[in-house]
Amino acid sequence: MWHGCVEAPSCSSEVACGSTSQGVVQSLFEDELERYIPVEVRRSRPNAAIGQPPADQMVRQVVHKETGPGVMEICPSDPSLLKQILVKGDPDAPLIQHGATLRARITAASSNQFKSLEQRLLHGPKEHTWQAGSGVRCQLIELMVTSMRLGETSVGRSSDAALFTDEGLSVAAEHQEVEFSISILEVHPLGRSVLRWAEEQKALAAQVLKEGQLHLALCKYLMLCRELDTLEGADLSDRSTKCSLMKTCRRNVRVRLNAAVCFSRLSRWQQVCESCAQVLSEDAGSVKALYLRGQAYLQLRELSAAEQDLQRATMLDPQNSAARQKLESCRKMQMKAAERAAFRRRQGGRDASEKWA
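Take the position in the sequence shown, starting the count at 1, then add 1253; the result is the number in our numbering.
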C-alpha cells in the first residue's frame, strides 16, 4: 500500500530521521503499520520517536523533487486508470516509446486491508528488462511505462484482473485490487527506421488484440496514428520515400479502423464514431467503418444516423449479414420510438381535454 510519499513494504533501507516528509511517514504508520507493531516493541527500538518505524521494518521513503507528485491518465480508453508520479524523471528525456528496451524496478502489492503487510507484498522490489509495449508484462504495467520517462517512479493501481494479472510476477487474478510501483532505471532507444518500427508495432498490436489485451492494443493503435500523422505531414522530395509515404497513409487508415474496433469492444461508442469519421474522410467506401459507426450510433440511440450508415454499408456490400441484421434492428427501434411518441401525443391530448372539461 502506498500513501503519499511512502511505499510499504519495499527495500530494507530505513526512513531517514528529520526528513521533510516526516509528517507523511507518521500518518502512514498510524494508519497502516501501528496496528501490527506492539507498543512496547515500538518504544524499545533505538531512536524511537513519533512517526518513525522500528529499525527492523522494511519501509522506504521516496524522496520527492521540488515539483512534487502528480496524477496523470495512462489509458485513452479508461480515464479512471491513473498513475501517481512519486519522483519525476529527467525532463529532457522523451517518453518511453513502444519497442524500446528498458530496465525497471517493479514492486507489486495487494490492496487488501485485512492482510498483514508481508501478506500483501506480491512481488519485488525486483529489476526486470523487457521491450516496452510488447505485452510481456500485464496491461497496467505496459500502460504505465509507456507514459513514463527515464528516472521516474510512479504508482498505479487497478481492480480489473484483466489489467493487473501477470503470471511472470506471480500476480494472480484472485486479488480485488493490485498496486504497482515502477522505477525506470535504464532505457535503450530504438535502432530502426520509423516505417519498420511502425510495421512491427502494428503486427504486435494485432497480436495483443487477438489475446484480448484491448487497452494495450488501443494504446498502440493511437500511438501509431500520431506517428504516421507526423510522417504524412513531412516535406519529402525523394521519390522512393514518397512511395513509402503513400503506403504509410494507407496503413494509417487501417490503423484508425483497428482503433475503432478496440473502442467498439470497450463500448466507447462516441470514440468509435470519431475514429470512423476519420477513416471515412480518407476512404468514403469503407464498409467496416460504416458498420462500426452505425453500430455506435445505434448504441447512442441516434437512430436516424445509424440507419443512414448501415443502409449505405448494405448497399456497398449486400452480402454483409451483420450490417443487414443491425439495419433491421435499427428500423424496429425506430418503429417502437414512433409508437411511443404517438402514444405520448395521444395521452397528452386526452389529459388536456379532461383538464378543460
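No residue lacks a Cβ here, since even glycine has one placed at the ideal position from N, Cα and C.
Secondary structure of Val-1431 (DSSP, three-state): strand. Arg-1410 sits in a strand when the DSSP states are folded into three classes. Secondary structure of Gln-1572 (DSSP, three-state): coil. Looking at the DSSP output, Gly-1323 bridges to Ile-1338. The DSSP-derived three-state label of Thr-1418 is coil. Per DSSP, the beta-bridge partners of Trp-1383 are Leu-1355.
Three or more pairs of CB atoms, one per stretch, sit closer than 8 Å, so the region 1532-1546 contacts the region 1507-1522. By the Cβ-count criterion, Val-1324 is exposed, with fewer than 16 other Cβ atoms from all chains shown falling within 10 Å of its own Cβ. If you ignore the 5 residues before and after Leu-1422, its C-beta comes within less than 6 Å of the C-beta of Ala-1361, His-1376, all in its own chain and listed in chain order.
With respect to Gly-1409, Glu-1395 sits apart: the two C-beta atoms are not nearer than 7 Å.
Look at Glu-1439 here: in three-state DSSP terms it is strand. Assigned with DSSP and collapsed to three states, Gly-1377 falls in strand. The straight-line gap separating the alpha-carbon atoms of Phe-1433 and Ser-1364 is approximately 10 Å. Residue burial annotation: Ala-1458 is buried, with at least 16 other C-beta atoms found within 10 angstroms of its C-beta. Membership of Lys-1541 in the alpha helix (DSSP H) is indicated by the continuous run 1540-1552. Of the residues assessed, Gln-1524 falls on the buried side of the cut-off, its CB having 16 or more other CB atoms within 10 angstroms. Secondary structure note for Arg-1449: its alpha helix (DSSP H) is the uninterrupted segment 1447-1463. Cys-1529 and Leu-1556 do not touch by the CB rule: their CB atoms are close to 17 Å apart, not below 8 Å.
Closest in alpha carbon position to Asp-1331, among Leu-1416, Arg-1402, Gly-1352, Leu-1374, is Leu-1416. Rounded to whole angstroms, the separation of the alpha carbons of Ala-1591 and Leu-1469 is 42 Å. The shortest C-alpha to C-alpha distance from Gln-1384 to any of Val-1506, Glu-1535, Glu-1439 is the one to Glu-1439. Taking all protein chains in view, the Cβ of Met-1401 is crowded by 16 or more other Cβ atoms within 10 Å, so the residue is classified as buried.
The DSSP-derived three-state label of Val-1506 is helix. For Ser-1333, the secondary structure class from DSSP, reduced to helix, strand or coil, is coil. The C-alpha of Ala-1594 lies about 10 Å from the C-alpha of Gln-1587. Looking from the CA of Thr-1399, the closest CA among Leu-1580, Pro-1347, Gln-1600 belongs to Pro-1347. Judged by DSSP secondary structure, Gln-1523 falls within the alpha helix (DSSP H) whose first and last residues are 1522-1535. Cβ-Cβ distances below 8 Å link Asn-1573 to Val-1540, Tyr-1544, Ala-1566, Thr-1567 in the same chain, with the five nearest sequence neighbours on each side left out; the list follows chain order.
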